[in-house]
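J.: When we follow this note's numbering, the leftmost residue of the sequence shown carries the number 84, and every step to the right adds one. Glycine included, each C-beta is placed from N, C-alpha and C at the ideal position. No experiment lies behind these values; they were computed from the predicted model shown. Pasting a structure here, questions to come.
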Amino acid sequence: MRTLIVFLLVGFGAQLVDGSLGMAYGITATTMALLAGATAAQASFAVNLAQVGTTLASGASHWKFGNVDVKTVAKLGLPGMVGAFVGATLLSNISTEAAQPLMTTILVALGFYLLLRFGLGLGTPPVLNVREERQHSAGFLAPVGTFGGFLSATGGGGWGPLTVTTLMTAGKTTPRRVIGSVSASEFLVSLAASIGFLFGMGDQLREMGVIVLGLLAGGVIAAPFAAWLVSRVNAVVLGTFVGGLLVFLNLLRMSQSMEIDRTVITLLQIAIVVLTLVLGTRAWRRTRAARDDAQAAPPAEEAAPGHEQGTDREHGADREQGTGHEQRTDEDRARTHA
C-alpha cells in the first residue's frame, strides 16, 4: 500500500508538469521515482510501461485530428524501437552501481535542456502552412529516432524534447504534424522499451505492476488540476523552474552515486538556483513584453477609412489571407490539444 501511495504521488506530480508544459512527464516521473527509492532500471521500466497506454491514447487522438504523418512515424518510430530495446536491455543487465550514474547524468542534461529552452526561449519553430510541408529523409530521422529511443529507455525520458525540438528546428513540417507524429511514434518506443525490460526484469513484473498502477492513478487524478494550472500559470516560467528543479535534485543523486565531493555539489546547486532565478525572471519579462505588444497591436480586421470597397482582386487576397489565418488557427488548436 505504501508503494502504491508513493507512486500515486509521483504520477500526480509528473502529470501536473506534463499537462502544463506538454512535455517532461518521463523526466519528472523518473526523477521522483529515484527519490522515492526505485532503482534506475525500475524507474525507467515503470515509466515506459505506464506510457504504453497513455501514448497509445495520445497517438489515436492525434490521428483523429489529422496530425499524424504515417511516413514520419515509420521513419522515426521503427529506429526508435531499436534504440529503446537496446537501451532497456542494457539498463536492466548492468549493475545498479553502474546504472545510477548513467541515468543521473542523462537526467541532469535533460534538466539543463528544459532550463535553457524555456529560460532563453530556444527552439522557436518557423511558421509553415500545410502546402509548404516536405518529407524528412530516412537518413535524417533514423539517427534521431535511434538515439531518442535509447535516451528514453536509459534515462526514463527525453524522447519528446529531443525529437520535437530537432524536427521543429529543421523547419520542414508544421508544428501540429511534428507533435502528432512524435506522439504516435512514442507508443512504439515505449512498447519496445517495456519489452526490453521484460526480458531483463520479468521476475519483477508484479512489483512493477504496483508502481505502474500508482503512476497511472496519479496521472488520472492530476489531469483536471493540470488543465486548471495551465490556464493560470505562465508555462514558459514554469518550464524554466521545472528544469532548474530537476537539475538541482539530480545533482544531489549524482553526489550519492558518483561519490563527488558534497561541497562541489552544494556549490553547483547554489549556482543552479541563481541561474534558475535569473532565467525565470528573464522568461517572465519576455512573455510579459510579448503579451503587452499583442494587446497594443490594432485588430487585424479593422479596415482603414475610405477603403470599405475594394477591387475583386483585393477581396480575393483578403480571402486567401483569411484561409491562411484559419489554417494557422487549426494548427494552434491542435498544438494546444497536444
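1. Would Phe148 and Gly263 be called neighbours here (beta carbons separated by less than 9 Å)?
2. Rounded to the nearest angstrom, what separates Leu190 and Val153 at their Cα positions?
3. Here's the rule: buried if 16 or more other CB atoms are within 10 angstroms of the residue's CB, otherwise exposed. What is Val361?
4. Find the nearest neighbour of Leu185 within the set Val156, Leu224 and Ala171, judged by alpha-carbon distance.
5. State whether the region 98-112 contacts the region 298-318, with contact taken as three or more CB pairs (one from each stretch) at a distance under 8 Å.
6. On the CB-based measure, 16 or more other CB atoms within 10 Å of its CB, does Thr179 come out buried or exposed?
7. So Phe128 is in the alpha helix (DSSP H); what residue range does that whole segment cover?
8. My understanding is that Thr113 touches Gly239, with C-beta atoms under 8 Å, so please give their C-beta distance in whole angstroms.
9. With DSSP collapsed to three states, give me the class of Asp152.
10. Within the same chain, show all residues whose beta-carbon is closer than 7 Å to that of Leu351, passing over the 5 residues directly before and after it, in chain order.
11. Reducing DSSP to helix, strand and coil, say where Ser178 ends up.
12. Leaving out five residues before and five after Arg402 in sequence, what residues of the same chain have Cβ atoms less than 6 Å from its Cβ?
13. Between the C-alpha atoms of Ile343 and Asn131, what's the straight-line distance to the nearest angstrom?
14. Counting Cβ pairs, one atom from each stretch, are 3 or more of them under 8 Å apart for the region 122-136 and the region 268-287?
15. Determine contact between the region 287-296 and the region 256-272, defined as no fewer than three beta-carbon pairs at a distance below 8 Å.
16. Per DSSP, what kind of secondary structure is Asn317 in: helix, strand or coil?
17. May I have the straight-line CA-CA distance separating Leu211 from Ala253, to the nearest angstrom?
18. Using 8 Å for Cβ pairs, my map puts Ala366 next to Val319. What's the rounded Cβ distance?
19. Out of Val356, Leu234 and Leu203, state which residue places its alpha-carbon closest to the alpha-carbon of Ala124.
20. Beta-carbon within less than 6 Å of Ala97's beta-carbon, same chain only, minus the 5 sequence neighbours each way: which residues are those?
21. Nearest to Leu224 by CA position, among Ala373, Gly283 and Ala157, is which residue?
22. Take Leu245 as the anchor and find which of Thr349, Gln183 and Ala192 has the nearest alpha-carbon.
23. Look at Gly163 and Gly243 and say whether their C-beta atoms are less than 9 Å apart.
24. Please identify the residue among Phe230, Gly204, Val356 and Val261 whose C-alpha is closest to the C-alpha of Thr370.
25. What do you reckon, are the CB atoms on Gly194 and Thr323 nearer than 9 Å?
26. Give the C-beta separation of Gly283 and Ser175 to the nearest angstrom, bearing in mind that I take them to be a contact with Cβ-Cβ under 8 Å.
27. Measure the alpha-carbon distance for Gln339 versus Val169 and round it to whole angstroms.
T.: So, from the data block:
1. Counting from one through the sequence shown, the residue named residue 148 turns up at place 65. Counting from one through the sequence shown, the residue named residue 263 turns up at place 180. Using a Cβ distance threshold of 9 Å, Phe148 and Gly263 count as a contacting pair.
2. Here the question's residue 190 lines up with position 107 in the sequence shown. Here the question's residue 153 lines up with position 70 in the sequence shown. Cα to Cα, Leu190 sits roughly 30 Å from Val153.
3. In the sequence shown, residue 361 corresponds to position 278, counting from 1. Classification for Val361: exposed.
4. Looking up residue 185 in the sequence shown gives position 102. The option with the nearest alpha carbon to Leu185 is Ala171.
5. With a cut-off of 8 Å, the region 298-318 and the region 98-112 count as touching, because enough Cβ pairs lie within range.
6. The residue labelled residue 179 in the question sits at position 96 within the sequence shown. Its Cβ having fewer than 16 others within 10 Å, Thr179 is exposed.
7. Counting from 1 along the sequence shown, the entry for residue 128 is found at position 45. Residue range Ala123 to Lys147 is occupied by the alpha helix (DSSP H) that includes Phe128.
8. If you number the sequence shown from 1, residue 113 lands on position 30. If you number the sequence shown from 1, residue 239 lands on position 156. Indeed they touch by this definition, with Cβ atoms about 3 Å apart.
9. As a position in the sequence shown, residue 152 is number 69, starting the count at 1. Note: Asp152 maps to coil in three-state DSSP.
10. The sequence position of residue 351 within the sequence shown is 268, counting from 1. Its chain contains Leu334 as the residues whose beta carbon lies nearer than 7 Å to that of Leu351, once the 5 sequence neighbours on both sides are disregarded; these appear in chain order.
11. Against the sequence shown, residue 178 aligns to sequence position 95. DSSP places Ser178 in coil when its eight states are reduced to three.
12. As a working mapping, residue 402 is identified with position 319 in the sequence shown. Because Arg402 carries a pLDDT of 42, less than 50, the predicted location of this residue cannot be relied on, and the following value inherits that uncertainty. Short of 6 Å from the beta carbon of Arg402, and not among the five residues preceding or following it, lies no beta carbon of its own chain.
13. Locating residue 343 in the sequence shown gives position 260, where the first residue counts as 1. Locating residue 131 in the sequence shown gives position 48, where the first residue counts as 1. Looking at the two C-alpha atoms, the distance is approximately 29 Å.
14. With a cut-off of 8 Å, the region 268-287 and the region 122-136 count as touching, because enough Cβ pairs lie within range.
15. Taking a contact to require three or more Cβ pairs closer than 8 Å, the region 287-296 and the region 256-272 do not qualify as touching.
16. One-based indexing of the sequence shown puts residue 317 at position 234. Asn317 falls in the coil class under three-state DSSP.
17. For the purposes of this step, residue 211 is taken as the residue at position 128 of the sequence shown. For the purposes of this step, residue 253 is taken as the residue at position 170 of the sequence shown. Bear in mind that the predicted position of Leu211 carries a pLDDT of just 46, short of 50, making it too unreliable to give a figure here.
18. Mapped onto the sequence shown, residue 366 falls at position 283. Mapped onto the sequence shown, residue 319 falls at position 236. Sure, about 5 Å apart at Cβ, within 8 Å.
19. Translated into the one-based positions of the sequence shown, residue 124 becomes position 41. Per the Cα distances, Leu234.
20. On the sequence shown, position 14 is the one that residue 97 refers to. Closer than 6 Å at Cβ, skipping near neighbours: Tyr108, Thr111 and Ala112.
21. Walking along the sequence shown from the start, residue 224 turns up at place 141. Of Ala373, Gly283 and Ala157, the residue nearest in Cα terms is Ala157.
22. Position 162 of the sequence shown, counted from the start, is the residue given in the question as residue 245. The shortest C-alpha separation from Leu245 is found at Ala192.
23. Numbered from 1 along the sequence shown, position 80 holds the residue referred to as residue 163. Numbered from 1 along the sequence shown, position 160 holds the residue referred to as residue 243. No; because the gap between Cβ atoms is not below 9 Å, this pair is not in contact.
24. As a working mapping, residue 370 is identified with position 287 in the sequence shown. Looking at the Cα atoms, Gly204 is the closest of the given residues.
25. Position 111 of the sequence shown, counted from the start, is the residue given in the question as residue 194. Position 240 of the sequence shown, counted from the start, is the residue given in the question as residue 323. No, the Cβ-Cβ distance between Gly194 and Thr323 is not below 9 Å.
26. By one-based count along the sequence shown, residue 283 stands at place 200. By one-based count along the sequence shown, residue 175 stands at place 92. Contact check for Gly283 and Ser175: beta-carbon distance about 3 Å, within the 8 Å limit, so the pair qualifies.
27. The residue labelled residue 339 in the question sits at position 256 within the sequence shown. The residue labelled residue 169 in the question sits at position 86 within the sequence shown. Distance between the alpha carbons of Gln339 and Val169: 27 Å.
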